[in-house]
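Chains as they are written, first to last, in the numbering used here: chain P, 304 to 671; chain L, 15 to 371.
Next up, the structure:
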């Protein structure tokens, strides 16, 4: 018995020690101060309350520590006229603001909304009850890294540099890496990057173009609008949603610096549509992919179907507006503009037919 | 010291045009509001957007900002500067004041300075537009203000690739807009079902609506209209061997000119893809600009040219108006679907500068 108690105690101690170690190792490079955020284009949560922000304007990724925000129950969150509320808080009109992203911290269910104002000021808000609070970005514990174009000419002077932009489309964290998709205005290339985290001075990131030959003989490397890092048949994969609707999968281990690959197109989500956001929802062993779209309702795809689909769509979909490949169902949520997972359900920012922009939870019933 | 402060306040009142005095006790600029501290209230100073009546105050959302109490005054600094010609309500204890900062008479309105490609005849598979503005633009919902119309005045649909995060230069002046590539690329569903955006032989207008605002929320004074005609699709890669180089004179900072065989090149891609190097492969600093409807690149060196050999280093990713680069056509057939090498190669053109004859 004594041995058992000792064993249990030593297990608890080693577990606690590993937690402390994990904490210190991920935030070891964090400093307190102004990270100089000039735009918030895309956000995602990593472990330990670390929020990653893609800032295209300053060509940087910033990790900020938001672990101090207390655990909350946002399951009943319900905000109407969200854009008006934000505009009123900023003393401006709704056409002067753009909600750029919404994320939920999976560890404490805090909801964060990023807004860019026409004056060029980025604002980060946290949902507090059915209200919003501003998070000061002037003094935060953070770490950051630059995302300058690795294939661009390294110009010594300033000429032409204003042109070289790389706009972050989506950002995700997975197993010690910050993954980014984006589009450059220099050449038509959909780039995908993986940056090691914690950030180091010596950066080691890969750049990637993904080919998808979905439509017969012509290649395309259209921009990845949104993506997800997940497992397919137990192996790490990227599921990417392209601007011109194909859903593509690519094994993570194929992503290597300096190479580009052809992803496997597993679904066509209907032309005239573009995916906006993508999340994975688990219910026990069952996993579902949820996709928000510009011109289609919220789609639910069963991972079992995705994993069972071993083909690649290589012929054009001839029926106008038709979908192909892995089957999905349309959920009764239209105009979902922002989407994230919250608990065993989901959270969305959605435009009603009346024009009302609302922040609301989706029902977990759809996954049971 | 108190006197000095009073003098300073009086000076501020009378010298700064941007200040608006709506009440003897109130000073407002776009960045802050100052009011004399009340001795009878401990209430917080709160500001609302719009003219809010006493009864509507409890149900209204106040503006985010920082309140700093000074010795005699309270200063409120909004997170976002107060807007021009926008009414606000200040509530401080029993005081309710309405204020507004009027737009200066000599306000410099936003305008479009240039559009690239500037040539009037454009290939039907054109891929990008660049717009240069006189001042930084409001980056929210930009695409709502840009449209294309056909000869009958009808607005074309599904022209622009709607990126959530627009491609705008750091200074907010140069906007890049992609024509929806799915329609411009042969074989893709949008292309097969809807055809290319622009049809050969037809004329179109690009309209940047006057509703586009600057970063201070003030719209343009008039629509910007740019007319163009659409010609045959460009399905040829740029050929650097056909380019002509005008060699500059030794000892001067005269221009090096590169003529692209009368082909208009993509504005952003060209300025980013070409570099001039000396015989040691060191970059020559200077200024690059595109002229003659982007068919000619002009390089003006920072220092006089020396005798010797020079190289024009060209990134093979350099694109023409249809996105064809030195390596491939924009919608070329895939020959090999296996892993291919991403490394863009560099191409080089060389020239020599000799002593003055």
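We put the CB at the ideal spot given by N, CA and C, even for glycine. Just so we're clear, the structure is a prediction, and the values are computed from it rather than from any experiment.
**Prompt:** Taking 9 Å as the CB-CB cut-off, is residue 361 of chain L touching chain P?
**Reply:** Stepping through the second chain from its first residue, residue 361 of chain L is reached at position 347. False, the Cβ-Cβ gap to chain P never drops below 9 Å.
**Request:** Measure from the C-beta of residue 449 of chain P to each C-beta in chain L and report whether the shortest distance is under 9 Å.
**Result:** Numbered from 1 along the first chain, position 146 holds the residue referred to as residue 449 of chain P. Taking Cβ atoms only, chain L never reaches closer than 9 Å to residue 449 of chain P, which makes this a no.
**Request:** Enumerate in chain order the residues of its own chain whose CB-to-CB distance from residue 247 of chain L is below 6 Å, with the five nearest sequence positions on each side excluded.
**Result:** As a position in the second chain, residue 247 of chain L is number 233, starting the count at 1. Within the same chain, residue 247 of chain L has close Cβ partners 137, 138 and 139.
**contact_flag[the stretch 149-157 of chain L, the stretch 222-232 of chain L] where n(CB pairs < 8 Å) is 3 or more** = yes
**Prompt:** Of the residues that make up the stretch 78-99 of chain L, which ones have a beta carbon closer than 9 Å to any beta carbon in chain P?
**Reply:** 78, 79, 92, 93, 94, 95, 96 and 97
**Prompt:** Any beta-carbon of chain L closer than 9 Å to the one on residue 395 of chain P?
**Reply:** In the first chain, the residue the question calls residue 395 of chain P occupies position 92. Closer than 9 Å: yes.
**Request:** Please confirm whether residue 648 of chain P and residue 584 of chain P have their CB atoms less than 9 Å apart.
**Result:** Position 345 of the first chain holds residue 648 of chain P. Position 281 of the first chain holds residue 584 of chain P. The answer is yes: Cβ separation under 9 Å.
**Message:** Rounded to the nearest angstrom, what separates residue 481 of chain P and residue 446 of chain P at their Cα positions?
**Reply:** Here residue 481 of chain P is taken as the residue at index 178 of the first chain, counted from 1. Here residue 446 of chain P is taken as the residue at index 143 of the first chain, counted from 1. Each residue's Cα considered, the two are about 13 Å apart.
**Request:** May I ask you to list, following chain order, the residues of the stretch 409-426 of chain P that have a beta carbon less than 7 Å from some beta carbon of chain L?
**Result:** 419, 420, 421, 422, 423, 424 and 426
**Asked** Which value, in whole angstroms, describes the spacing of the CA atoms of residue 168 of chain L and residue 210 of chain L?
**Response** Taking the second chain and counting its residues from 1, one reaches residue 168 of chain L at position 154. Taking the second chain and counting its residues from 1, one reaches residue 210 of chain L at position 196. Roughly 16 Å separates the two Cα atoms.
**Asked** How would you label residue 403 of chain P, buried or exposed, when you count the other beta carbons within 10 angstroms and need 16 or more for buried?
**Response** Sequence index remark: in the first chain, residue 403 of chain P carries index 100 (1-based). Counting Cβ neighbours within 10 Å, residue 403 of chain P comes out buried, since at least 16 surround it.
**Item:** Near-chain P residues of the stretch 42-64 of chain L - C-beta to any C-beta below 8 Å
**Value:** 61, 62 and 63
**Message:** With three or more C-beta pairs closer than 8 Å as the rule, is the stretch 103-116 of chain L touching the stretch 405-422 of chain P?
**Reply:** no
**Prompt:** Would you say the beta carbon of residue 538 of chain P comes nearer than 8 Å to a heavy atom of the ligand COA?
**Reply:** The ligand COA is absent from the structure shown, which contains no ligand whatsoever.
**Request:** Return helix, strand or coil for residue 462 of chain P, following the three-state DSSP convention.
**Result:** Within the first chain, numbered from 1, the residue matching residue 462 of chain P stands at position 159. Only weak support is given to the placement of residue 462 of chain P: the predicted model assigns it a pLDDT of 42, under 50, and the question is left unresolved by the model.
**Message:** Please report whether the beta-carbon of residue 454 of chain P lies at a distance below 9 Å from any beta-carbon of chain L.
**Reply:** Counting from one through the first chain, the residue named residue 454 of chain P turns up at place 151. Because residue 454 of chain P carries a pLDDT of 38, less than 50, the predicted location of this residue cannot be relied on, and the following value inherits that uncertainty. At least one chain L Cβ lies under 9 Å of residue 454 of chain P.
**Request:** Check whether the Cβ atoms of residue 343 of chain P and residue 353 of chain P lie closer than 9 Å to each other.
**Result:** One-based indexing of the first chain puts residue 343 of chain P at position 40. One-based indexing of the first chain puts residue 353 of chain P at position 50. Their beta carbons are not under 9 Å apart, which means residue 343 of chain P does not touch residue 353 of chain P by this criterion.
**Prompt:** In the stretch 314-325 of chain L, which residues sit with their C-beta less than 9 Å from some C-beta in chain P, listed in chain order?
**Reply:** 316
**Message:** With a threshold of 9 Å between beta-carbons, can residue 575 of chain P be considered close to chain L, or not?
**Reply:** Start at 1 with the first residue of the first chain, and residue 575 of chain P comes out as number 272. Taking Cβ atoms only, chain L reaches closer than 9 Å to residue 575 of chain P, which makes this a yes.
**Sheet register partners of residue 300 of chain L (DSSP bridge)** = Counting from one through the second chain, the residue named residue 300 of chain L turns up at place 286. Paired residue(s): L:315.
**Asked** Helix, strand or coil for residue 257 of chain L per DSSP?
**Response** Here the question's residue 257 of chain L lines up with position 243 in the second chain. Three-state result, residue 257 of chain L: coil.
**Request:** Step through the CB atoms of chain P and report whether any lies within less than 9 Å of the CB of residue 102 of chain L.
**Result:** The residue given as residue 102 of chain L occupies position 88 in the second chain. Output row for residue 102 of chain L: interface = yes.
**Prompt:** Using the rule of at least 16 other Cβ atoms within 10 Å of the residue's Cβ for burial, across every protein chain shown, is residue 571 of chain P buried or exposed?
**Reply:** The residue labelled residue 571 of chain P in the question sits at position 268 within the first chain. Buried, since its Cβ has 16 or more Cβ neighbours within 10 Å.
**Asked** Under a three-way DSSP split, which group does residue 268 of chain L fall into?
**Response** In the second chain, counting from the first residue as 1, residue 268 of chain L sits at position 254. Of the three classes helix, strand and coil, the one that applies to residue 268 of chain L here is coil, per DSSP.
**Message:** DSSP has residue 544 of chain P in a bridge; who is on the other side?
**Reply:** By 1-based counting over the first chain, the position of residue 544 of chain P is 241. Per DSSP, P:529 and P:550.
**Message:** For the stretch 234-260 of chain L, list every residue whose C-beta sits within 7 Å of some C-beta in chain P, in sequence order.
**Reply:** none
**Prompt:** Between residue 124 of chain L and the rest of its own chain, which residues show a CB-CB distance below 8 Å, the 5 nearest in sequence each way excluded?
**Reply:** As a working note, residue 124 of chain L is residue 110 in the second chain. Excluding sequence neighbours, residue 124 of chain L sits near 147, 148, 149, 151, 226, 227, 228, 232, 233 and 234.
**Message:** Using only the alpha-carbon positions, how far apart do residue 179 of chain L and residue 344 of chain L sit?
**Reply:** As a working mapping, residue 179 of chain L is identified with position 165 in the second chain. As a working mapping, residue 344 of chain L is identified with position 330 in the second chain. Roughly 23 Å between the two C-alpha positions.
**Message:** Against chain L, with Cβ distances strictly below 9 Å, would residue 471 of chain P count as a contact?
**Reply:** On the first chain, residue 471 of chain P is found 168 positions in, with the first residue counted as 1. Yes - at least one Cβ of chain L is within 9 Å of the one on residue 471 of chain P.
**Asked** Count the other CB atoms within 10 Å of the CB of residue 643 of chain P; is the residue buried (16 or more) or exposed (fewer)?
**Response** Taking the first residue of the first chain as 1, we reach residue 643 of chain P at position 340. Its Cβ being crowded by 16 or more others within 10 Å, residue 643 of chain P is buried.
**Request:** Please check if any C-beta of chain P sits within less than 9 Å of the C-beta of residue 107 of chain L.
**Result:** Position 93 of the second chain, counting from 1, holds the residue named residue 107 of chain L. So no, residue 107 of chain L is outside the interface.
**Prompt:** chain L partners of residue 581 of chain P, CB-CB under 7 Å?
**Reply:** Translated into positions along the first chain, residue 581 of chain P becomes position 278. The contacting residues do not exist; residue 581 of chain P stays about 14 Å from chain L at best.
**Message:** Rounded to whole angstroms, what is the Cα-Cα separation between residue 341 of chain P and residue 261 of chain L?
**Reply:** By 1-based counting over the first chain, the position of residue 341 of chain P is 38. By 1-based counting over the second chain, the position of residue 261 of chain L is 247. Residue 341 of chain P and residue 261 of chain L: Cα-Cα distance of roughly 43 Å.
**Request:** Going by DSSP, name the residue or residues bridged to residue 656 of chain P.
**Result:** For this step, residue 656 of chain P is matched to residue 353 along the first chain. Answer is none; residue 656 of chain P lacks a bridge partner.
**Message:** Just to confirm the assignment, what range does the beta strand (DSSP E) spanning residue 332 of chain P have?
**Reply:** Here residue 332 of chain P refers to the residue found at position 29 of the first chain. Careful: residue 332 of chain P lies outside any beta strand (DSSP E) and carries neither H nor E.
**Asked** In chain P, which residues lie less than 8 Å from residue 127 of chain L when you measure between Cβ atoms?
**Response** The residue given as residue 127 of chain L occupies position 113 in the second chain. The contacting residues do not exist; residue 127 of chain L stays about 13 Å from chain P at best.
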